[in-house]
Amino acid sequence: MVWLPLRDRLSSLPLVLAGPILRRTEPERVTVWVALRESWGVTLTVYATDEAGQVITRRILQGSRQTIALGQHLHLVAVTAIAPPNQSDADSTLHPGQIYAYDLAFTCSDPSPNQTLREALHGSGESPISMSYFEHGLPTFALPPQDIEQLRIVHGSCRKIHGYGQDTLPILDDLIGASADQPNQRPHQLFFTGDQIYGDDVADPMLYITQDAATTLLGWQEQLPLHPGRTPSHLHPSDLPPGHRSAIAAQQGGFTAGIRNKADYADSHLFSFGEYCTTYLLSWSPVLWSGVPRGEDIHLDHRQRKEWKRESIGIENFAKMLWKVRRALANVPTYMIFDDHDISDDWYLNQAWCLRVLGKPLGYRTVQNGLLAYTLCQGWGNTPEQFESGQIGEKLLCAAEQWCASESLDLETGRAIAQYLGLPPSDPATGLPLLRLEGDVWILDHAPESLRWYYTVRSDRHEVIVLDTRTWRGYPSNDQAIAPPMLLSPSAFQAQVKDALDESDRLNAEGQTSIDLTILVAPTNLVSLQVIDWVQHRQLHQGNVFDNDVGDAWNIHKSAFSRFLKTLFAQREQVVILSGDIHYGAMVRLNYWWYESGKTTAHVLTQLTSSALKNAEWKTRAVHTKLKCLVPEGDRELMGWSDRAEQIEIQTIQGLVWWMKRQAPGKPPTIQKFRLKTQRQVGVERAMALTQCEVPPDWHYRIEWIRRPPAQLFRRSVSWVLSLQPKRSSRFKQWLLGLWRNRWMQEGPEVVGEANLGVVQVHWSDHPKYRTVKQDLYWYASWNWGDIVFSRFQTQLPLPTTSETLETATQRRPDARL
């Protein structure tokens, strides 16, 4: 396909540039997001269906909203349908076990004729586009079923357009299509758990396409502020071409993406609001795409042309399958939450990052632009009630329109936008962001009138609590600025975790719900591979925290992690965590015990990780294989006290026991090791450790990695996968790749390190002992191109038991044969 600038083909494009994306969906209200190239009023109507979704029947919900104007040709809206006036309650509520369809109608104030969804999806000269799995042509969905064992939740993270591996999100289209007419079998909810776009690691061809589209869609160029006293005082995005942004990103923006001797990570960093917004449209819809420009046409040198061509291949393959992604997102309720790359690498990682980036005008503006684009393209659909008339979100929408109309020159409105987004004000004297003390941690100062990014989704039987672990971090006040933070400050623990659990308990007590499955979405992992922990602790000791996101994992800050578990388990016995970030998929079980007044209470948590949708790395591809058998994950135990920072950690790997005593966060531990000479006995390592304790611990937990079973076939020789097959290389290279890609080698023991998409189900008996969690990770088989396979991770969730009390264990001496 020959690339053409967007300005040369804009008039032939359909009205709808991206979407519809089905967003928050509840029995009384449904929200749909859409991006248009003109200003229109949008009406959403939800219909009941008969005959397994084949026949559209009566109207149930309806609502209208006007788009907001961000540019001459970019208009967004998240429209919510509710029960029409004078409609009975029985006719105005959606129910489980039913398939519902929705339609959009577009109305314009000028003489232009109204358009239906089907008309608005078609550009001039294009073949008809279907967003449906049915002959009626409308998107459909189903609510979570009454029987929780039929619930299907899809999740994934880290979708980088030029990332390694084929995009796995198109697999969702096949999953929906296989059961579209079965309301209790099709996917019911989709959770994107972070890094839906990458603001920092952007390929040069991708930025070229993004700049071209953003300039045409907005029709104006943003003035990007530079450090006071510098000449010029500002730059336009067009002054910063692809491949030449690393220096200004580090020096004028303070960003850390390229400081680790990898300047190319920030060579094409996004800066402007238009660039961030357009990246979402290019990630979710094929409409703006017209191939990739050739490096030869950009007048690059030979080395740059070679790299441009390499990146272009992955980008073109990504764009080819966007029609499947677009249809899938229109047909399943979709929920999202940011992680760092939605803005920039290491976003709010620690206090040092906040000071170095938010203390610079370009850094502050870029964070504001990224967060504003997130709000309009992701956050609006998560919590549409925040954007209703008179709410903070509506004020933000009005401010965004006004700021865009001023072409970014209205600085007062820009400051209002920052306030609504929750960005901290700057100290007039120093230019640094203001922080305030909360207990023994610093938090970024939030205006009372600012949006919240965390939220909860409930059905009759389950709750999903989505955490914001970026903007409410607690930075240690008595430690250096690079010290790992609490991912949730004390007030955030209360607001995001405890208050959400309390509300569900209240609804259960009043008989409004029967929630007995609790799921938390935590964008970063609670528990990571041991090698990652080793590297991060070493780099923390060396003061080199930006290389591997030291501080993003929950367990790097032991006391904050133990507090999180205590808060969670105070109200729930069994919890499921959905996570991403780490570029591999896995399942981990954490058994937890709390000791108080001679009594022991037991709890269990299962962490389900699905990452990356498209961003595999050589490291994750290595641990995906049999090579991981050389360094298996051992069981780990950690014990601690409520009134002190000291903790004891025990790790057992193939009979070798490591005993570590941590005095305080950030300080090196005291380490001892011994080998079990006899067959391992339950609790013997714990008994060994407890002999070193003057006072028995208040709690301890045990981490177990669930083994990855052999892959199962989902689809064989899939045509659209075969169409993405790379060109064959030399025979020798093919032979080497054959050795690496053969099935035996690729069947690793613990994680899926290739690009993957997760589907979660549960077996939820009334008796907690017989409850089971299952996660299927879908990926592309390297040994037979065209096949889609899945690895089924499964674990039971019986509440853990202890064979002895801590007092007994403390008195017991280790076996003499140790």
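Note that numbering that gives the first Met the number 0 numbers the sequence shown so that position 272 is 271, with each residue one more than the last.
We treat Cβ as the ideally placed atom computed from N, Cα and C, and that holds for glycine.
For residue 15, the closest alpha carbon among the candidates 24, 6, 32 and 3 is that of 32.
Apart from sequence neighbours up to five positions away, the residues of its chain that approach residue 315 with a beta-carbon distance below 6 angstroms are 291, ordered along the chain.
Taking C-beta atoms as the reference points, residue 122 and residue 232 fail to come closer than 8 angstroms. With 16 or more other CB atoms across the displayed protein chains lying within 10 angstroms of its CB, residue 720 is buried.
Per DSSP, reduced to three states, the secondary structure at residue 457 is strand. Residue 353 and residue 198 have their C-alpha atoms some 17 angstroms from each other. Within the same chain, and ignoring the five residues on either side of residue 140 in sequence, the residues whose Cβ sits closer than 7 angstroms to its Cβ are 21, 24, 99, 330, 331 and 332. Around the CB of residue 630, fewer than 16 other CB atoms lie within 10 Å, so the residue is classed as exposed.
Taken through DSSP and simplified to helix, strand or coil, residue 195 comes out as coil. Excluding sequence positions up to five before and after residue 407, its CB lies within less than 6 angstroms of the CB of 221 and 222, all in the same chain and listed in chain order. Taken in chain order, the complete beta strand (DSSP E) segments of 3 or more residues contained in the region 469 to 555 are 516 to 520.
For residue 694, DSSP records no beta bridge to any residue. With 16 or more other Cβ atoms from the protein chains shown falling within 10 Å of its own Cβ, residue 458 counts as buried. Sequence-distant Cβ neighbours of residue 128 in its own chain, meaning closer than 7 angstroms and more than five residues away, are 120 and 121.
Within the region 701 to 786, complete alpha helix (DSSP H) segments of at least 4 residues are found at 718 to 721, 730 to 740 and 742 to 745, given in chain order. Of all alpha-carbon atoms in 34, 549, 565 and 605, the one lying nearest the alpha-carbon of residue 573 is that of 605. Taking the C-beta atoms as reference points, residue 163 is found no nearer than 8 angstroms to residue 645. No Cβ-Cβ contact shorter than 8 angstroms links residue 369 with residue 216.
Judged by DSSP in its simplified three-state form, residue 635 adopts strand. At a cut-off of 4 residues, the continuous stretches assigned as alpha helix (DSSP H) that sit fully inside the region 372 to 443 are 391 to 404 and 410 to 420. Following the DSSP letters along the chain, one finds residue 63 inside the beta strand (DSSP E) bounded by residues 54 to 65. DSSP places residue 28 inside the beta strand (DSSP E), whose first and last residues are 28 to 35. A check of alpha carbon separations from residue 102 across 402, 57 and 361 identifies 57 as the nearest. The criterion of a C-beta distance shorter than 8 angstroms is not satisfied by residue 564 and residue 287.
DSSP lists 65 and 106 as the beta-bridge partner residues of residue 40.
Remark: C-beta atoms of residue 552 and residue 524 approach each other more closely than 8 angstroms. For the region 194 to 257, the full-length alpha helix (DSSP H) segments reaching 4 residues or more read 203 to 217 and 245 to 250 along the chain. Contact between residue 149 and residue 97 fails: their C-beta atoms lie close to 13 angstroms from each other, not under 8 angstroms.
Distances from the CA of residue 535 to each of 473, 556, 347 and 780 were compared; the closest alpha carbon is that of 556. Burial state of residue 510 is exposed, judged by a 10 Å Cβ sphere holding fewer than 16 other Cβ atoms.
Look at residue 149 here: in three-state DSSP terms it is helix.
Residue 580 carries a coil assignment under DSSP once its states are collapsed to helix, strand and coil. A Cβ-Cβ distance of about 20 angstroms is found for the pair residue 66 and residue 60, leaving them out of contact under the 8 angstroms criterion.
Two segments are said to touch when three or more pairs of C-beta atoms, one from each, lie closer than 8 angstroms; by this definition the region 177 to 191 touches the region 143 to 158. Fully enclosed alpha helix (DSSP H) runs of no fewer than 4 residues occupy 272 to 283, 301 to 319 and 321 to 329 of the region 267 to 354, in order along the chain. Per the coordinates, the alpha-carbon of residue 250 lies some 33 angstroms from the alpha-carbon of residue 578.
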